[in-house]
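Numbering (the numbering used here), first residue to last: 1 to 299.
Let me begin by presenting the structure, written as structure tokens, before commenting on it.
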Ligand code: GLU
């Protein structure tokens, strides 16, 4: 059996966004991370992914602490809050800009949607990303340096997108490592970042986005094993690309099965899936969730 983490204790993390209460799906993720850390004498970290100031709420951070404590989990302190580390993301963003792999995008939601409508009217097929969202059609990818300078001097604030095709021409084909939590075997997976089009790497008025923060933090926190739901598996394509460009270590990944609702859809805060703390009030026992997670790990 291959060694789980040959270079020291493995480091796991649970990284929720505090934009709603945790549900059973989060509990499963947190429990799997904590149980694997325990099994392999590793570390278990909690990271709060609160770069979205408009949607993050202190009461949800307090709710995360309460729900994880109810599950009986213990995590290292201090907890990293992404909102307090914008300078780390800024530095990484500057590295990417200096490599020439990003371009400023001045499009509004309206211009982006109009490009889709026009393309469809011309009979062109609008491609969709793995989450089903239509892909940005690249209007700003070809802006001249002069046009960019004009718009910046007029005070327009861009978002920054990755020129994925250009980047891949620099890095070549990429692969990432999936680990099997039972056998510890490592399986190489092909990355296909082009299916995301040109993703936003820094949002308007911010030095980052989900993709950039997550890879910067995983590296800064020394995370060796990323355990998260299969709903995030496709984004690993972008993460391995950013890790390669930034010269960061490549963690191992296990994307665990999701808990589905009665309609066979994944649980989501945005759909108002019932929260863990509400389930606790209704009499759910934390041991039920432990048993479910342990069963996946054959414990
Ligand atoms: N913050 C992300 C979420 O709540 C998870 C990030 C990750 O595990 O990579 O969906």
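For glycine and all other residues, C-beta sits at the position ideal for the given N, C-alpha and C.
How far does the beta strand (DSSP E) with residue i in it extend, from its first residue to its last?
| i | result |
| --- | --- |
| residue 188 | 186-190 |
| residue 48 | 43-48 |
| residue 227 | 225-229 |
| residue 13 | 11-14 |
| residue 175 | 175-179 |
| residue 201 | 200-202 |
| residue 252 | 252-256 |
| residue 102 | 102-105 |
Just curious, the alpha helix (DSSP H) that residue i is in, first and last residue?
| i | result |
| --- | --- |
| residue 89 | 86-98 |
| residue 216 | 210-220 |
| residue 159 | Not the alpha helix (DSSP H): residue 159 falls in the beta strand (DSSP E), residues 159-162. |
| residue 293 | 286-296 |
| residue 58 | 58-70 |
| residue 148 | 145-153 |
| residue 239 | 236-246 |
| residue 26 | 24-39 |
| residue 282 | Run containing residue 282: none; DSSP gives neither H nor E here. |
| residue 112 | 109-121 |
Looking only at its chain, what residues have a beta carbon closer than 7 Å to the beta carbon of residue i, apart from the 5 residues adjacent to it on each side?
| i | result |
| --- | --- |
| residue 301 | Because the chain is modelled from 1 through 299, residue 301 falls outside the range shown and cannot be assessed. |
| residue 199 | 161, 162, 211 and 238 |
| residue 193 | 164, 168, 237, 238 and 241 |
| residue 60 | 18, 19, 20 and 21 |
| residue 55 | 19 |
| residue 14 | 29, 30, 33 and 46 |
| residue 106 | 140, 151, 156 and 158 |
| residue 258 | 25, 229, 230, 231 and 266 |
| residue 129 | 135, 195, 196 and 197 |
Is it buried or exposed, residue i, if we count other Cβ atoms within 10 angstroms and call 16 or more buried?
| i | result |
| --- | --- |
| residue 256 | buried |
| residue 152 | exposed |
| residue 304 | Here the chain comprises residues numbered 1 to 299, so residue 304 is not present and cannot be evaluated. |
| residue 1 | Note on residue 1: pLDDT 44, under 50, position unreliable in the model; the coordinate value appears next. Classification for residue 1: exposed. |
| residue 204 | exposed |
| residue 281 | exposed |
| residue 188 | exposed |
| residue 118 | exposed |
| residue 276 | buried |
| residue 122 | exposed |
| residue 42 | buried |
| residue 279 | buried |
| residue 145 | exposed |
| residue 247 | exposed |
| residue 79 | exposed |
| residue 287 | exposed |
| residue 7 | exposed |
| residue 220 | exposed |
| residue 63 | buried |
| residue 82 | buried |
| residue 217 | buried |
Between which residues of its own chain and residue i is the CB-CB distance below 6 Å, once the five residues before and five after are set aside?
| i | result |
| --- | --- |
| residue 86 | 207 |
| residue 269 | 20 |
| residue 186 | 177 and 179 |
| residue 296 | none |
In chain order, what residues of the same chain have a beta carbon less than 8 Å from the beta carbon of residue i, not counting five sequence neighbours either side?
| i | result |
| --- | --- |
| residue 120 | 126 |
| residue 9 | 40, 41, 42 and 43 |
| residue 70 | 276, 277, 280 and 286 |
| residue 101 | 162, 163, 166, 167, 170 and 245 |
For a test of your reading of the model: does the CB of residue i fall under 7 Å from any non-hydrogen atom of ligand 2? Yes or no.
| i | result |
| --- | --- |
| residue 185 | Questions concerning ligand 2 fall outside what the structure shown contains, since the ligands it does hold are ligand 1. |
**Study point:** Cβ contact check for the segment 17-34 and the segment 288-299: 3 or more pairs under 8 Å
**Key:** Yes, they touch.
**Study point:** Contact set, ligand 1 heavy atom to C-beta under 6 Å
**Key:** Ordered along the chain, residues surrounding ligand 1 are 15, 16, 17, 49, 214, 228 and 232 [Cβ under 6 Å from any heavy atom].
Exercise for review: Specify whether the segment 28-38 and the segment 226-233 touch according to this definition: at least 3 beta carbon pairs, one from each stretch, less than 8 Å apart.
Suggested key: Note that the segment 28-38 touches the segment 226-233; at least 3 beta-carbon pairs, one per stretch, sit closer than 8 Å.
**Study point:** At least three beta-carbon pairs within less than 8 Å, the segment 128-146 to the segment 99-115
**Key:** By the criterion of at least three beta-carbon pairs nearer than 8 Å, the segment 128-146 is in contact with the segment 99-115.
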